[in-house]
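Heads up, the sequence shown stops at 321 in this note's numbering, and the numbers go up one at a time, no gaps. We treat Cβ as the ideally placed atom computed from N, Cα and C, and that holds for glycine. This structure is a prediction, so every number in the text was calculated from the model and none was measured.
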Amino acid sequence: MPDSLFITYWNPATDTVVNDSTQCLDSVSQGVVVPSFITSGFESVISPMVRVTHEVLAGWNLILLAAVLLLVVINKQLYPRQFRQLLSVPGGIAHTNQLLREWTPTRSFIGFSFTLCYIIVMALFVQKTCVVFSRDAYSYNSFEVFSVIFGCVAGWVLLRYMTLSLMGWLFRQKEVVIRQFTVQLSISTLCLLVIQPIIWLVLYIPNSIFVWIGIGILFLAALARLVLEWIETRVFSKMPSFYIFLYFCTLEIAPLLLVMIAGLRFFANNTVF
């Protein structure tokens, strides 16, 4: 860039053409003339970074939640009495007795459909939890990841049912197993109904506070299920409380704690070990 410029203009007073020169300034800072704004070249290396996004809402999420709501409405309209009885199981053993005298939840459409809805809602909540905590929608917000999580949740639920059935066969406590199935289905139905508004909030406002509220709801639901199953087992099996405690620690509490610890370590250290 030249240090000076020649300006040609007409001077009407003298009727002549005047050639004048002026200094070319790049910038002025506090009265000091700076000859050049850029003093050196850019020597750093630009490294590409993974794009961070907070968008967790996808179109197929709304379709899944709409299907779950549709199944809930269909069950409530077709089986209103069974629907009320299922939700009243946490009220006490008398409610469980009345329900089991009239129908068996594990062999009914309402039991199968609510189990499916529970798996869908839990898988969706786990996926959105991964997205919010990792802030990486590109890696965790796809339908393929949801399918994997759905399979894991379904396998977890199926494993619990198989374990209960095996324990009932080994100790000849079929009635206790049916009661535990009923308690699990009732708590799962209440949980999927309560946690759905939390999922809607997470979809439109992906804040970690809503995720922690959902985790708190799941923790309370698991605690309520353990207490109710303990009561049902203690009353109808006549087994000592110590054996019941060992059973729940081995098959209920310990696996749940391992899953929670593995999840926390994964998001904290990017490894579960």
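In whole angstroms, what separates the C-alpha of residue i from that of residue j?
i, j, result
"Thr-237", "Leu-274", "15 Å"
"Ile-158", "Gln-125", "11 Å"
"Leu-214", "Ser-285", "15 Å"
"Phe-256", "Ala-142", "Correcting the residue identity first, residue 256 is Ser in this sequence and not Phe. If you take the alpha carbons of Ser-256 and Ala-142, they lie about 40 Å apart."
"Tyr-209", "Leu-241", "21 Å"
"Phe-258", "Phe-293", "33 Å"
"Val-224", "Tyr-252", "42 Å"
"Leu-212", "Thr-154", "13 Å"
"Pro-128", "Phe-191", "34 Å"
"Trp-278", "Val-205", "19 Å"
"Val-104", "Cys-178", "10 Å"
"Ser-182", "Ala-270", "25 Å"
"Ser-161", "Asp-184", "32 Å"
"Leu-276", "Pro-138", "7 Å"
"Phe-267", "Asn-189", "24 Å"
"Val-193", "Ile-168", "13 Å"
"Phe-229", "Leu-218", "17 Å"
"Ser-136", "Ile-235", "10 Å"
"Leu-164", "Phe-198", "10 Å"
"Ile-243", "Ile-261", "9 Å"
In the DSSP assignment, the alpha helix (DSSP H) including residue i goes from what residue to what residue?
i, result
"Leu-105", "That residue, Leu-105, is in no alpha helix (DSSP H); it is neither H nor E in DSSP."
"Arg-195", "Sequence check: residue 195 is Ser here, not Arg. 191-219 is the extent of the alpha helix (DSSP H) around Ser-195."
"Cys-297", "No alpha helix (DSSP H) holds Cys-297; DSSP gives it neither H nor E."
"Pro-128", "128-135"
"Ser-187", "185-188"
"Pro-245", "222-252"
Specify the secondary structure class of residue i as computed by DSSP and reduced to three states.
i, result
"Gln-71", "Confidence at Gln-71 is low in this model, with a pLDDT of 47, below 50, so its placement is unreliable and the value that follows should be read with caution. Strand, per DSSP."
"Thr-163", "helix"
"Ser-156", "coil"
"Gly-140", "coil"
"Asn-255", "coil"
"Trp-278", "helix"
"Trp-151", "coil"
"Val-120", "helix"
"Phe-85", "Here Phe-85 scores only 49 on pLDDT, less than 50, and its place in the model should not be relied on; the value that follows carries that caveat. Residue state, collapsed to three classes: coil."
If you count every other CB in all the chains shown that lies within 10 Å of the CB of residue i, and 16 or more means buried, which is it?
i, result
"Thr-281", "buried"
"Thr-152", "exposed"
"Lys-222", "exposed"
"Val-196", "exposed"
"Gln-232", "buried"
"Tyr-186", "exposed"
"Asn-145", "exposed"
"Ala-171", "buried"
"Leu-110", "exposed"
"Val-250", "buried"
"Ile-309", "exposed"
Using a threshold of 6 Å, is the CB atom of residue i nearer than that to any non-hydrogen atom of the ligand MN?
i, result
"Asn-255", "In terms of ligand content, the structure shown is empty, and the ligand MN therefore cannot be addressed."
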